[in-house]
Every structure is written in C-alpha cells, then in structure tokens.
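Have a look at the structure below, then the notes.
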C-alpha cells in the first residue's frame, strides 16, 4: 500500500480492496516500526487518525468521496492543528496546543485526508538540514548518516520512507524543493498567495508559501487541488481561480520552451549532479521541448537579498513570542523585561536567535537604507529578470541543489555554508513564482533533483511538464530500501 | 571567508537587547563571529546598481484588501487563556509593572 499513488489508492478504496481504516493502520504501523531511525515525526495522532479514517469510510460507503478521501498525510508542524500540539520544532511552543486549524489543514480535512501526525522540521522553518529542531535532527531515509534537507525535512523523510503517501510543507527560501531533491520526491512551492497562509506560523510573510511532497506530479496535482484557493482570512491570498490541475496533466509538451539559466550551471554545481540535470534537459528535448539559453544576471544576488529580507520579516514576526500569552515562560522572572528577555533567550534556539538579531540589525537606525531598502531594490531586479525571461520561455529549468544530501553535522558549524544550500531555490521565493523539484538521477546512490520554475499561477503547466517527464522516466519510482 | 564586516561583542549585546533576547556573556563572542560572517555575505548587495529601481515589498502587485468594519471573529476567551503561562480572572498575568 505504501508504494501506491493517490489515484491507485483512491481506486482501491472505492472498490473496497481495503478500507480507509486499514490503510491508516498500515501507515501507523510503519511509523511505529520504522520512524525511530528517521525521527520524521514530532507528534503522532493515531487515535484521531483512525477516527478520521472511519469517517472517510462512511463517506466512501455513502458515495460521497473525493479523490483524497481516506488518503493519509502528515502535516509539517508549522500548520496549526486544532487540539493538537503545534510546536514549530521549538522549545518555545513545546506546550502549545493549537486553538484552531490552518486553512490548508481544514481544506485537506474537508477533502477527506486523514492526518497521521505532525512532521519534524527546522525550528521555525529556519534551516536547510533539519538539524535546528528542538526535537533532534531528521535522518535521510536514503542514508541515515545524511540530512534530509530542510526546513521541511520531516515531511520529506516521511514520504520518502513510505510512512505517508503525502505531506504538507512550507517553502520560504527552498524549504520544500531542497528536501524534495535530497530525498527523491516531487515537491511543489506554489505561487505566493496560491495557498492560504492563515494558521501557518509566520516566518517571512512576503515569502512564505504552503505546498507539499509526493511521489509524483500526478499525486501533487491532487494535493494542490485540495490546498489552493482564495482565503479572506489571509490578507495576501490571491483572488485567482483554481484550475483543474488533474485534468491539465495531459497538456502536450511539444513546442514547450524551457529556459536554461547559465547562472544555474556555473561554478559550485557538483559535476555529477549537473550531469543528471543535463540528462533531464536532453530527455525534455526528446519529448519535443526546446531548450533556450537564458540569463538571470541578478539571481547571483538571491542569497544575500534573502538574508536581509527574511530575517527582517522574521524579527518582526517572532516578536509575538514574549512569554505572556502562550508558549514558553522562564522561571521566576524578576520583572517584565526579564520575563521577555529570558523567555525568548531560553525558548529560541541558536539559529533562530541569529536570524532575529540579523533582522533587528538590518532594520535598525543607520542601517535600514544600506541593507533593507537596498535588498528590496535588488529583489525587484531579481523579479524583473524572471519577467524578461518569461517573455522568451514557458518554464525555466535547472538544478534544485548543487549536490546530493550532505552528512549530519557537516555544515552545522558555518551558517553561511548552510545558507548557500538554497542558492538555486531562493530566487523563486523572492519573485513569488511557483517552482517544483523532482528526482532526475542518483549520484553515488543518493537522489538529486531538477527544478522547474514557472510564471505566476502556472502551476498547471509545471505539473504537466513534470508529469510528462515522469511518464517517460522512472527516477520518481526509485525508493530507498526501507520503502520497498 | 575573509571577514570585512566585523561586529564587536558590545554591538551584539545592543542588538540582542533591541530584540529582547537574553544572551549569556559567554556566547557573545561566538555570535559576533557568526553574525559578522552573515553580514559579510549580505554586504555583496552594496555592489548592485539599484539607481532608479523601486523597492519591492511584496511579490504580487496587489493593493491592501479591505473588509467592512464588522465583528467577524469570536475568539473563545477561556480557551485562549488556557494557553497562557499564567492567567487569572480573564487576564494574562505578568510580573508587577507599576510599583
């Protein structure tokens, strides 16, 4: 059951080959048996999952089921889930029981998905290796001495290990695409505003976007269809109709123009990873697409731009954690300032504190123009490069990461080396564009990903292009030993 | 990487105070080093020519959506107070502010 796609699972549930309760039990048993190796979950909600599965079975019996009814999934622990601890992998929220659910959680629940539990992640989604979690690092199912990527590392590891068919994630600078690449999954970051941010613990509000992990573009089409849509409770939610992503999967590839940005194939790209991506380009040409050489000159400034904009927004968003209304409070505060300072100093981990301080610094008097305003201007240049490129091409194609998964601890000591992990993914967040990573090869037995970036709201085109590739290749069907 | 920007431990203390973070004295030097490395990275931005470029605050060119001024949320006061570290008769409790 753990190697079946959404459509096959839905067919099996509809024909009563097995029930939603049986399917949920299968995944719960796998989690209980296997997850101690990976640490992909922070909270398991077995009882609730079985109750939701029973409801799904009732809907199936009543003929009231959709394609996701009875399909188990795991939510990144950044999504509020009513009545269930939502920790954001931080000591700060270790005791926080969410008083309401995120819109995305509600929508997937309404579609009939069964939530198995909450996935581990980097603390407050700040990290690219899942090593900053208060609950310990997540390990990559392909090689448990390596990281799964981050920040949505638990979501990625869970789907890669066959602990759930689907998982949600969020992507502020690459937090879905980078772990998808490092664990051999399809991962989609939709257009900014496509999925509601309501009930997602905010990191950098002009960059944050919800998306997900799956084994294929087809499965992703089902997941996105249920997640996407306007939400009046999110002030930057897009008032844009949601197309039929599943129906659009069969769009032909012939004539599709794919832009190959030369900056994405420059120094720093591991040769074997680059070769796997080049092979994907060649496959696309064989399928009738045209490859167009393009340049995104300002994209080389993406990482520095991000490390001004994101910490600035984070320092503001994380001001709400003050030890007064919810979350961690220090023992025996001497006065109100001591309460604020020690609750935050003790409740936040080191990477989170670094980013809050960088944010406070770049926003402070005397530095605002040189850092924050300049970063916002460079952000405009980065977005303009994409606008110009999309006048010539339909999608942009390149690597997701420079290399396959690295070892635990390998980059933990140097924040800048860690930040450079997201060198190919950050620009899409800055410009607000949808982007997808899917597996395109194995390097020394470890998966690597190819990234497709589209114009705003072109998720259907991205998914169709990925689906066509997956119909002619089998990289997305490669799974680690544990998931066989 | 060679460091060109360097923050002194006293500057880290000032930023930590601004951000209301209690940083132990023994961590200041390490933070100064790490934050300096990050600022070196973002210092590359100074080389970009941004004359006549409008700052971009938001990826979608949208105006602030407004709604009518009506009560739309009905929070459950008791449920929210239960999340607080300390509360009493409908209020959040903090250490005495006014002597």
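Residue numbers (my numbering), protein chains in the order written: chain H, 1 to 484; chain U, 1 to 99.
C-beta atoms are modelled at their ideal positions from N, C-alpha and C, and glycine is treated no differently.
- Closest in C-alpha terms to residue 88 of chain H, from the list H:169, H:404, H:308, H:381, comes H:169.
- Within a 10 Å sphere around the beta-carbon of residue 37 of chain H sit fewer than 16 other beta-carbons, which makes this residue exposed.
- Contact check for residue 202 of chain H against residue 317 of chain H passes: the beta carbons are separated by less than 7 Å.
- Chain H has no Cβ within less than 7 Å of the Cβ of residue 88 of chain U.
- DSSP places residue 118 of chain H in the strand class (E or B) of the three-state scheme.
- A distance below 7 Å separates the beta carbons of residue 68 of chain H and residue 112 of chain H.
- Per the coordinates, the alpha-carbon of residue 98 of chain H lies some 48 Å from the alpha-carbon of residue 282 of chain H.
- In the structure shown, the three-state DSSP call for residue 161 of chain H is coil.
- If the five residues before and after residue 162 of chain H are omitted, its C-beta is found closer than 6 Å to the C-beta atoms of 2, 483, all from its own chain and listed in chain order.
- With a cutoff of 7 Å on beta-carbon distance, residue 261 of chain H and residue 294 of chain H are scored as near each other.
- The C-beta of residue 71 of chain U has fewer than 16 other C-beta atoms within 10 Å across all chains shown, which makes the residue exposed.
- In the DSSP assignment, residue 195 of chain H is bridged to H:228.
- Comparing alpha carbon positions, the residue from H:108, H:278, H:314, H:409 closest to residue 139 of chain H is H:409.
- Sixteen is the threshold: when 16 or more other Cβ atoms of the shown chains lie within 10 Å of the Cβ of residue 72 of chain H, as they do, the residue is buried.
- Residue environment for residue 91 of chain U: exposed (fewer than 16 other C-beta atoms within 10 angstroms of its C-beta).
- For the pair of segments examined, the region 170 to 177 of chain H was found not to touch the region 467 to 484 of chain H: the number of CB pairs separated by less than 8 Å stays below three.
- Closer than 7 Å to the CB of residue 38 of chain U there is at least one CB belonging to chain H.
- Within a 10 Å sphere around the beta-carbon of residue 368 of chain H sit fewer than 16 other beta-carbons, which makes this residue exposed.
- Residue-level contact by beta carbon fails for residue 139 of chain H and chain U, as no gap is shorter than 7 Å.
- Ranked by Cα distance from residue 96 of chain U, the options H:40, H:333, H:326, H:232 are led by H:333.
- Contact between residue 404 of chain H and residue 448 of chain H holds, since their C-beta atoms are separated by about 5 Å, short of 8 Å.
- For residue 442 of chain H and residue 14 of chain U, the gap between their C-alpha atoms comes out near 48 Å.
- Residues of chain H whose Cβ lies closer than 8 Å to the Cβ of residue 74 of chain U do not exist; the shortest such Cβ separation is about 11 Å.
- Beta-bridge annotation (DSSP): residue 74 of chain H is paired with H:117, H:167.
- Close CB contacts of residue 301 of chain H within its chain, under the 8 Å cut and outside five residues either way in sequence, are with 378, 381, 382 (chain order).
- Taken atom to atom, the span from the alpha-carbon of residue 215 of chain H to that of residue 27 of chain H is near 15 Å.
- With a cutoff of 7 Å on beta-carbon distance, residue 259 of chain H and residue 396 of chain H are scored as near each other.
- As computed with DSSP, residue 260 of chain H is found in a beta bridge with H:293.
- Look at residue 37 of chain H here: in three-state DSSP terms it is helix.
- Remark: C-beta atoms of residue 226 of chain H and residue 76 of chain H do not approach each other more closely than 7 Å.
- Contact between residue 45 of chain U and residue 305 of chain H holds, with the beta-carbon distance rounding to 7 Å and staying under 8 Å.
- Against chain U, the CB of residue 411 of chain H has no partner CB under 7 Å away; the residue lies outside that interface.
- The region 410 to 426 of chain H makes contact with the region 119 to 137 of chain H: 3 or more CB pairs, one atom from each, lie closer than 8 Å.
- Interface residue (Cβ-Cβ distance to chain H less than 7 Å): residue 42 of chain U is classified as such.
- Between residue 273 of chain H and residue 420 of chain H, the alpha-carbon positions lie close to 16 Å from each other.
- Of the candidates H:110, H:166, H:191, H:296, H:166 places its Cα closest to the Cα of residue 213 of chain H.
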